[in-house]
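Okay, so here's the structure we're looking at.
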């Protein structure tokens, strides 16, 4: 009995060593997964881009600003000079926090009177917005303690505290409901992975059954084949997008404040990218199994950990931000959350649409070039 088992073990071992694809999947894929997840998953709330609207422009207000910028948790984006600028920057995802210092800041502190400081937090990441509000409160309390110690040294131990009071508001998701954050992000992740996987099996399936040689020998041009194979999968994925959108609004009751037309145009362009990426994988891959694993490793996992789904891209490492810049889901994540939660218009999302358009052109150019090479 054991001899037969050992013989089967030996046979399977030889088969495994003889096939570089299976050997690679067994050894390389686990390492790739831990690298992707380990580098992309971050729970730290640091380097929060913050802007200040200093209406007082005094030494006291500058010191108050420094108490935040000297912290490891905040990174100064810039000083604002007009009303409404904070909302524009937050709608574009450039800042996550804006602190407005009133005109009479130093005067009221010098007069031993409390001062109200307005704090606007981006609520599109609910759990992080709560942490950010906590950070702001802690640093503000440190500032109050410093003021108290100064006043005690001048006026004695019984002096009252001229404190800075925070008026915190959460923009775009006032109730901080997680579904308003998760569902739009899931739409981006699903539309990155699902159409790519469908398209990734198109050409490689014909390779395995041998029907691809009919196309190689036909007078049909490479770009005609690529476009002809892409359109049906873009169409079926577009129907899936419409169903997902209806579920998000009607079933999950996600807050939708933007333009359905803007979202639909963006989704159509994004689906063109993801189907094109799947076709490129299908043309390059030698088997359906390889195409599936490549698609999963390069679409689903990066979309979860690098596109801004779980955490803002700005909170990732330099390598993580570099990787996210090459993912189409990063740009669509900005678009879909911007339209759902912030009511972003074409004037806000056009840079992300331009990035998706460039991405689509490059992908289809590579797919056509690789198909021509196969034909030759």
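Residue numbers (the numbering used here): 347 to 722.
Don't be surprised by glycine CBs; every beta carbon is placed ideally from N, CA and C.
> Helix or strand or just coil, what does DSSP make of residue 514?
Replying inline: Position 168 of the chain shown holds residue 514. Looking at residue 514 - three-state DSSP - the assignment turns out to be strand.
> Would the beta-carbon of residue 604 fall within 8 Å of that of residue 469?
Replying inline: The residue labelled residue 604 in the question sits at position 258 within the chain shown. The residue labelled residue 469 in the question sits at position 123 within the chain shown. For residue 604 and residue 469, no; Cβs fall outside 8 Å.
> The beta strand (DSSP E) spanning residue 425 covers which residue range?
Replying inline: As a position in the chain shown, residue 425 is number 79, starting the count at 1. From DSSP, the beta strand (DSSP E) with residue 425 extends over 420-425.
> Whose C-beta lies closer than 6 Å to the C-beta of residue 726 among residues of the same chain, with five residues either side of it excluded?
Replying inline: No answer is possible for residue 726: it lies beyond the span of the chain, which begins at 347 and ends at 722.
>> If I measure Cβ to Cβ from residue 406 and keep anything under 7 Å in the same chain, skipping five residues before and after, which residues do I get?
In response: Position 60 of the chain shown, counted from the first residue, corresponds to residue 406. Result list for residue 406: 451, 452, 455, in chain order.
> Which ranges would you report for the alpha helix (DSSP H) in the stretch 552-612 if only whole runs of at least 4 residues count?
Replying inline: 558-563, 568-592
> Which one of 714, 612, 411 has the shortest CA to CA distance from residue 686?
Replying inline: The residue given as residue 686 occupies position 340 in the chain shown. That would be 612, whose Cα lies nearest to the Cα of residue 686.
>> Here's the rule: buried if 16 or more other CB atoms are within 10 angstroms of the residue's CB, otherwise exposed. What is residue 487?
In response: On the chain shown, position 141 is the one that residue 487 refers to. Classification of residue 487: exposed, given that the 10 Å Cβ count is below 16.
>> Using 8 Å for Cβ pairs, my map puts residue 701 next to residue 625. What's the rounded Cβ distance?
In response: Against the chain shown, residue 701 aligns to sequence position 355. Against the chain shown, residue 625 aligns to sequence position 279. Between residue 625 and residue 701 the Cβ distance is about 20 Å, and since that is not below 8 Å, they are no contact.
> For residue 427, does the count of other Cβ atoms within 10 angstroms reach 16, so buried, or fall short, so exposed?
Replying inline: By one-based count along the chain shown, residue 427 stands at place 81. Flag for residue 427 reads exposed.
> Looking at C-alpha atoms only, which residue of 699, 714, 683 is the closest neighbour of residue 437?
Replying inline: The residue you call residue 437 lines up with position 91 of the chain shown. That would be 683, whose Cα lies nearest to the Cα of residue 437.
> What whole-angstrom Cβ distance do residue 397 and residue 441 have, given they're in contact under 8 Å?
Replying inline: The residue given as residue 397 occupies position 51 in the chain shown. The residue given as residue 441 occupies position 95 in the chain shown. Contact flag correct, Cβ pair sits at about 5 Å.
>> My parser needs the beta strand (DSSP E) runs of 3 or more residues fully inside the stretch 410-481; what are they?
In response: 420-425, 443-447, 461-468
> Under the rule that 16 or more other beta-carbon atoms within 10 Å means buried, what is residue 444, buried or exposed?
Replying inline: Here residue 444 corresponds to residue number 98 of the chain shown, with the count starting at 1. Flag for residue 444 reads buried.
>> Using a Cβ-Cβ cutoff of less than 6 Å, which residues in the same chain neighbour residue 439 once the five nearest sequence positions on both sides are dropped?
In response: Sequence index remark: in the chain shown, residue 439 carries index 93 (1-based). Cβ neighbours of residue 439 beyond the five flanking positions: 680.
>> Check for me: the beta strand (DSSP E) holding residue 545 runs from which residue to which?
In response: Here residue 545 is taken as the residue at index 199 of the chain shown, counted from 1. From DSSP, residue 545 is part of no beta strand (DSSP E) but of the alpha helix (DSSP H) over 524-546.
> Does the distance from the C-beta atom of residue 514 to that of residue 465 stay below 8 Å?
Replying inline: Position 168 of the chain shown holds residue 514. Position 119 of the chain shown holds residue 465. Yes, the Cβ-Cβ distance between residue 514 and residue 465 is below 8 Å.
>> Using 8 Å as the cut-off, can you tell me whether the stretch 607-622 makes contact with the stretch 578-588, which would need three or more C-beta pairs spanning the two stretches below that distance?
In response: yes
> Ends of the beta strand (DSSP E) at residue 399?
Replying inline: The residue you call residue 399 lines up with position 53 of the chain shown. It spans 394-400 - the beta strand (DSSP E) in which residue 399 sits, taken as one unbroken run.
> Whose C-beta lies closer than 7 Å to the C-beta of residue 415 among residues of the same chain, with five residues either side of it excluded?
Replying inline: For the purposes of this step, residue 415 is identified with residue 69 of the chain shown, where counting begins at 1. Excluding sequence neighbours, residue 415 sits near 422.
> Distance, Cα to Cα, residue 586 vs residue 669?
Replying inline: By one-based count along the chain shown, residue 586 stands at place 240. By one-based count along the chain shown, residue 669 stands at place 323. If I take the Cα positions, the gap works out to 27 Å.
> Going straight from the alpha carbon of residue 635 to that of residue 375, what length do you get?
Replying inline: Here residue 635 refers to the residue found at position 289 when the chain shown is read from its first residue. Here residue 375 refers to the residue found at position 29 when the chain shown is read from its first residue. Cα-Cα distance, rounded: 13 Å.
> Roughly how many whole angstroms lie between the Cα atoms of residue 545 and residue 640?
Replying inline: Numbered from 1 along the chain shown, position 199 holds the residue referred to as residue 545. Numbered from 1 along the chain shown, position 294 holds the residue referred to as residue 640. Their Cα atoms are separated by approximately 12 Å.
> Thinking just about the alpha-carbon of each residue, which of 627, 637, 697 is nearest to the one in residue 713?
Replying inline: Taking the chain shown and counting its residues from 1, one reaches residue 713 at position 367. Nearest C-alpha to residue 713: 627.
> Using the beta-carbon count (16 or more within 10 Å), is residue 484 buried or exposed?
Replying inline: Sequence index remark: in the chain shown, residue 484 carries index 138 (1-based). Residue 484 is exposed by the Cβ-count criterion.
> Does the Cβ-Cβ distance between residue 691 and residue 608 come in under 8 Å?
Replying inline: Taking the first residue of the chain shown as 1, we reach residue 691 at position 345. Taking the first residue of the chain shown as 1, we reach residue 608 at position 262. In this structure, residue 608 lies closer than 8 Å to residue 691 by Cβ.
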